[in-house]
Every structure is written in structure tokens, then in C-alpha cells.
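Asks: My questions will all concern the structure given below.
Protein chains: 2
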Amino acid sequence: MVDSTDKKLLDILKENSRLSFADLGRKINLSPSSVRERVQKLEEEGVIKKYDIQINNKLIGYDLEAFILLKVFPGKLKYVINKVNEFPEITVAHRITGNQNIHLKVVVENQLRLQKLLDKLMQFGDTNTFLILSEITK
Amino acid sequence: MVDSTDKKLLDILKENSRLSFADLGRKINLSPSSVRERVQKLEEEGVIKKYDIQINNKLIGYDLEAFILLKVFPGKLKYVINKVNEFPEITVAHRITGNQNIHLKVVVENQLRLQKLLDKLMQFGDTNTFLILSEITK
DNA sequence: TTTGAAAATAGACAACT
DNA sequence: AGTTGTCTATTTTCAAA
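Protein chains in written order, with the UniProt record's numbering: chain A, 1 to 138; chain C, 1 to 138.
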């Protein structure tokens with residue numbers, strides 16, 4: 001199970017996942033080896049799914065981000081779920097409860113690209129789009 | 001500017017941000033030093049905002065995830081944006097266009113916790129909640 | 001969980017192209 | 001400019017306690 005030490009490690013890694021085991025150990029008064037053991041176990045158990053980075057997409061030419069709610073046409077859900085992989089613009093996809101059944105986060109260069117994406121998605125179901133104005137930083 | 005080599009690095013780091021500069025270099029045929037230079041510049045420019053981890057919340061006792069659209073009461077927006085920080089359940093918050101103006105992702109232990117959170121959020125505005133059933137993996 | 005020791009890497013700097 | 005080699009300090013890794 002995940003104890004309070006593990007939770008501390010997870011919290012720290014959430015803020016900076018590139019810290020060395022030595023640094024992590026210093027922060028929570030544990031030897032590097034012990035930290036390594038714990039982190040490795042968290043990986044094996046699947047608690048840590050992935051080490052990744054947060055990118056400022058605007059700085060690399062992707063100026064538009066949006067959430068799209070998709071109400072998939074009856075009987076097409078499985079098909080659409082598979083199709084999701086083929087869209088590089090879709091960065092995260094979730095199945096959700098409610099009137100719509102799929103929630104997407106998309107990142108595109110500009111409005112034209114979003115329009116083209118929506119044209120395609122409209123073949124799968126009804127779309128409801130919310131442009132992202134900014135992230136509220138915590 | 002960000003060239004194609006940088007984009008490759010970003011793509012790789014998005015999948016595994018704990019790789020060493022040496023490993024990154026092996027993947028794209030570049031020396032560790034060069035990789036280090038590039039990654040450091042990407043950090044300085046703000047392209048890489050953060051190194052973080054993706055956690056399987058269900059495995060640590062947080063069984064419920066949801067998206068919440070919030071239509072904040074008139075004149076209360078700034079107040080609410082500041083309040084967001086006080087909710088540990090809120091993992092990401094965005095300002096969005098449309099009928100609602102804030103999009104939240106929340107992680108809670110169970111339905112009761114969600115209910116309590118919604119009770120509080122309802123003081124700020126009208127809520128629209130979508131439970132997350134699963135993530136569609138890419 | 002800790003210690004210890006070998007292998008690998010990080011970080012800094014000078015030099016090269 | 002971007003890239004590379006070299007150097008040392010630090011870290012990772014793994015065995016053993």
C-alpha cells in the first residue's frame with residue numbers, strides 16, 4: 001500500500017519529476033536507495049503511470065487549446081474511441097457520464113485547424129466546444 | 001526558435017521525462033552535451049513548464065474524477081479564480097469561452113466528497129458535472 | 001532501510017565547426 | 001549558433017547486511 005512517505009514522494013514528483021533520488025531523499029530524510037526502492041515500487045504498482053512534461057504550446061506555434069464535448073451518434077462509440085488515436089490534435093480523451101459521452105482536450109495551431117478538426121469530429125457526433133482562454137495556476 | 005530536433009526531444013520527454021541526457025542523445029543521435037544545451041534552453045524559454053508525473057489516482061484511494069463546468073455568478077469571477085487554490089480536489093482549472101466560464105478537473109475519494117465539493121462550488125455559480133468513466137489511452 | 005563500491009550521468013567549461 | 005570532448009562531483013545501481 002501507499003503510505004504517507006509515498007504520498008510525500010508523489011507530491012514532490014508532481015512538482016518536479018526530474019529530481020534525483022538523492023534530492024528526494026534530502027527532502028524527506030531518507031537514503032537515496034530507500035527512495036529508489038519506493039519510487040520503483042510505485043512504478044511497478046502502476047501508481048506512477050508516466051513521467052511527462054508540461055509544455056507551453058503557444059511558444060511552439062500551437063496557439064489554440066480547447067475542450068470538446070462529443071455526443072457520439074448511437075452505435076458509433078467503439079468506432080470513435082479507436083479513431084481518437086488518429087488525431088494528433090487530441091491530447092487527452094475521456095469517457096464521461098451525461099448527455100455527451102466523450103470529453104476531449106485538443107491543441108491546434110490556429111482557428112482554421114480547429115475548424116477542420118471540428119468538421120471531422122462532426123461526422124462522429126454532435127460537438128460542443130469551449131476555447132481555453134488561460135490556465136488558472138494553482 | 002524551436003526546431004525539429006527540439007520537437008523530437010519534447011515528444012520523447014512527453015513520454016518519459018526521466019530519461020538521462022545520454023539516453024535522449026542516443027535516441028536522436030546527439031551528444032549528451034548537446035541534448036543538455038537544448039533542454040536547458042527549452043526550460044529557460046519556458047517551453048518546458050514543468051516536469052511532472054501522471055498518477056493512477058484510483059490506486060491511492062481517490063476513486064472519483066470529474067470535470068465540472070462552472071458558470072460563475074456575475075461579478076464573482078476574480079474572487080472565484082483566487083478561491084480555486086484553496087481546493088486540493090481541483091487539480092486543473094481553466095478559463096473558457098462559452099456559456100460557462102470555468103472548467104475544472106477534480107479528483108476526490110468518493111461520491112460523498114464530490115457532493116461536498118459541489119455544495120461549496122454552488123456558492124460561486126451554476127455547476128455542470130461530468131463524471132470521468134475512463135481515460136481513452138492514445 | 002541502510003551501507004558500500006563500481007558504473008553511469010550531470011554539470012561546467014574550453015574548443016571546435 | 002550549435003555542437004562536442006574533457007573533467008570532476010554527484011548520482012545511480014545493485015549486492016549485502
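Backbone N, C-alpha and C define an ideal beta-carbon position, used for all residues, glycine too.
Using three-state DSSP, classify K51/C as helix, strand or coil.
Replies: Numbered from its first residue, the second sequence carries residue 51/C at position 51. It is Tyr, not Lys, that sits at residue 51/C in the sequence shown. Correct three-state label for Y51/C: strand.
Asks: Please determine whether the Cβ atom of L13/C lies at a distance below 6 Å from any heavy atom of the ligand FAD.
Replies: This structure lacks the ligand FAD; in fact it carries no ligand of any kind.
Asks: Can you find at least 3 beta carbon pairs, one from the segment 28-35 of chain C and one from the segment 68-87 of chain A, that sit closer than 8 Å?
Replies: No contact exists between the segment 28-35 of chain C and the segment 68-87 of chain A.
Asks: Can you tell which of I90/A, K120/A and L118/A has the C-alpha that lies nearest to the C-alpha of V106/A?
Replies: Here residue 106/A refers to the residue found at position 106 when the first sequence is read from its first residue. Residue I90/A is the option with its Cα nearest to V106/A.
Asks: Straight-line CA distance for V2/A to I60/C?
Replies: The residue you call residue 2/A lines up with position 2 of the first sequence. The residue you call residue 60/C lines up with position 60 of the second sequence. The straight-line gap from Cα to Cα measures roughly 7 Å.
Asks: Pick from K58/A, V39/A and N56/A: whose alpha carbon is nearest that of K50/A?
Replies: Within the first sequence, numbered from 1, the residue matching residue 50/A stands at position 50. Per the Cα distances, V39/A.
Asks: Please report the distance separating the alpha-carbon of V108/C from that of L10/A.
Replies: On the second sequence, position 108 is the one that residue 108/C refers to. On the first sequence, position 10 is the one that residue 10/A refers to. Using only the alpha carbons, I get a separation of about 16 Å.
Asks: In angstroms with no decimal places, state the Cα-to-Cα distance between G125/A and L42/C.
Replies: One-based indexing of the first sequence puts residue 125/A at position 125. One-based indexing of the second sequence puts residue 42/C at position 42. Whole-angstrom Cα-Cα distance: 38 Å.
Asks: What separation, rounded to the nearest whole angstrom, lies between the Cα atoms of V35/C and V92/C?
Replies: Sequence index remark: in the second sequence, residue 35/C carries index 35 (1-based). Sequence index remark: in the second sequence, residue 92/C carries index 92 (1-based). Using only the alpha carbons, I get a separation of about 31 Å.
Asks: Tell me which residue opens and which closes the alpha helix (DSSP H) that K27/C is part of.
Replies: The sequence position of residue 27/C within the second sequence is 27, counting from 1. Run containing K27/C: F21 to I28, per the alpha helix (DSSP H) assignment.
Asks: Would you grab the beta carbon distance between N85/A and K120/C for me? Rounded to a whole angstrom, and I think it's under 8 Å.
Replies: Residue mapping note: residue 85/A aligns to position 85 of the first sequence, counting from 1. Residue mapping note: residue 120/C aligns to position 120 of the second sequence, counting from 1. Going by Cβ atoms, the distance from N85/A to K120/C rounds to 37 Å, so no, they are not a contact pair.
Asks: Within 7 Å of any Cβ in chain A, is that where the Cβ of S17/C sits?
Replies: On the second sequence, position 17 is the one that residue 17/C refers to. Yes, S17/C counts as interfacial toward chain A.
Asks: What residues from the segment 99-131 of chain A come within 7 Å of chain C, judged by C-beta to C-beta, listed N to C?
Replies: H103, F130 and L131
Asks: I102/A by DSSP, collapsed to three states: which one?
Replies: Here the question's residue 102/A lines up with position 102 in the first sequence. Strand, per DSSP.
Asks: Find out if the Cβ-Cβ distance for the pair E65/C, I132/C is shorter than 7 Å.
Replies: Residue numbering aside, residue 65/C sits at position 65 when the second sequence is read from its first letter. Residue numbering aside, residue 132/C sits at position 132 when the second sequence is read from its first letter. Contact: yes.
Asks: Are any of the Cβ atoms in chain C nearer than 7 Å to that of V35/A?
Replies: As a first step, residue 35/A must be located in the first sequence, where it is residue number 35. Not an interface residue.
Asks: S17/A and S17/C look like a contact to me (Cβ under 8 Å); what is the Cβ gap, rounded to whole Å?
Replies: The residue labelled residue 17/A in the question sits at position 17 within the first sequence. The residue labelled residue 17/C in the question sits at position 17 within the second sequence. About 6 Å separates the two Cβ atoms, so the contact holds.
Asks: Is there a Cβ from chain C that is less than 7 Å from the Cβ of G25/A?
Replies: One-based indexing of the first sequence puts residue 25/A at position 25. No, no contact with chain C.
Asks: Span of the alpha helix (DSSP H) holding D119/A?
Replies: To locate residue 119/A, count along the first sequence from 1; it is residue 119. Counting along the chain, the alpha helix (DSSP H) containing D119/A begins and ends at Q111 to L121.
Asks: Give me whichever residues DSSP pairs with F67/C in a beta bridge.
Replies: Position 67 of the second sequence, counted from the start, is the residue given in the question as residue 67/C. Residue pairing from DSSP places F67/C in a beta bridge opposite K105/C and F130/C.
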